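The numbering of the sequence shown is my numbering, which starts it at 1 and goes up by one.
All C-beta atoms in this analysis are idealised placements derived from N, C-alpha and C, irrespective of residue type, glycine included.
Predicted model only: the values in this text are computed from it and were never measured.
These notes concern the structure reproduced below.
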Amino acid sequence: MTSRFEAAAIAVCLLAAGCGDPLTFGEVAGTYQLGGVNARDLPYLLTATVNCDQWIAEGQLILQESGQFTLTLSGPLDCSRSGGVNQIVGWGFPGTYTIDGAKLHFLSPLPPSVGGFFEFTGVVGPPQRSIGVLDLQLSLGTPVDLAFRR
């Protein structure tokens, strides 16, 4: 007979997917749409200056069974206050990912002129229907948390 504490610990462990079988590339592979940034709905105001506002309006995370990924984000850059041009700008992060429990580790190569890799982490939400990308550094050094859903 297990104590209530042991039963609660087992339940929490199973919910967190830390005690079950490790996740596989096949279980997390798929296309995820961006649902929010920093726990807010889209569009998300990333930066605002005297001249321009930069928004994130959409995004996608594609995880392949091969361990390859592509993360893309885009949104309007509104510079109408300063008489500037409005345009859609974006970010793209291709690369590889690994799985450690319910955590993902992403490596995206930097341009050859710079060399090296851009690294960031993610978390798989149960039951493999959501991915949270944590502290992704975008323009002006602004870190964001991204919520993706299948």
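Check the DSSP bridge columns for ASP78 and list the partner residues they point to. Here residue 78 refers to the residue found at position 78 of the sequence shown. Beta-bridge pairing links ASP78 to ASP53.
Roughly how many angstroms separate the alpha carbons of SER108 and ASP41, rounded to a whole number? Numbered from 1 along the sequence shown, position 108 holds the residue referred to as residue 108. Numbered from 1 along the sequence shown, position 41 holds the residue referred to as residue 41. Looking at the two C-alpha atoms, the distance is approximately 26 Å.
Tell me whether the beta-carbon of TYR32 lies closer than 7 Å to the beta-carbon of PHE148. Locating residue 32 in the sequence shown gives position 32, where the first residue counts as 1. Locating residue 148 in the sequence shown gives position 148, where the first residue counts as 1. Yes, they are a contact pair.
Near LEU77, which residues of its chain fall below 8 Å by C-beta distance, leaving aside the five closest residues on each side in sequence? Start at 1 with the first residue of the sequence shown, and residue 77 comes out as number 77. Closer than 8 Å at Cβ, skipping near neighbours: CYS52, ASP53, GLN54, TRP55, ASN86, GLN87, ILE88, VAL89.
Just curious, the alpha helix (DSSP H) that VAL28 is in, first and last residue? Looking up residue 28 in the sequence shown gives position 28. 25–28 is the span of the alpha helix (DSSP H), which, as asked, contains VAL28.
Can you tell me the Cβ-Cβ gap for VAL123 and LYS103, rounded? I've got them flagged as a contact below 8 Å. If you number the sequence shown from 1, residue 123 lands on position 123. If you number the sequence shown from 1, residue 103 lands on position 103. Yes, they are in contact, since the Cβ atoms of VAL123 and LYS103 sit about 6 Å apart, within 8 Å.
If we ignore side chains and look at the alpha-carbon of each, how far apart do ARG150 and GLY92 end up? As a position in the sequence shown, residue 150 is number 150, starting the count at 1. As a position in the sequence shown, residue 92 is number 92, starting the count at 1. Linking ARG150 to GLY92 through their CA atoms gives a straight-line distance of about 19 Å.
Could you give the uninterrupted runs of the beta strand (DSSP E) lying entirely in the segment 63–135, keeping only those of 3 residues or more? Listed in chain order, the beta strand (DSSP E) runs fully inside the segment 63–135 are 68–78, 87–100, 103–109, 117–125, counting runs of at least 3 residues.
In or out: GLY75 buried (at least 16 other Cβ within 10 Å) or exposed? Locating residue 75 in the sequence shown gives position 75, where the first residue counts as 1. Around the CB of GLY75, 16 or more other CB atoms lie within 10 Å, so the residue is classed as buried.
Excluding five sequence neighbours on each side, which residues of the same chain lie with their C-beta closer than 6 Å to the C-beta of THR70? Here the question's residue 70 lines up with position 70 in the sequence shown. Excluding residues within five positions, the ones whose Cβ falls inside 6 Å are ILE62, PRO94.
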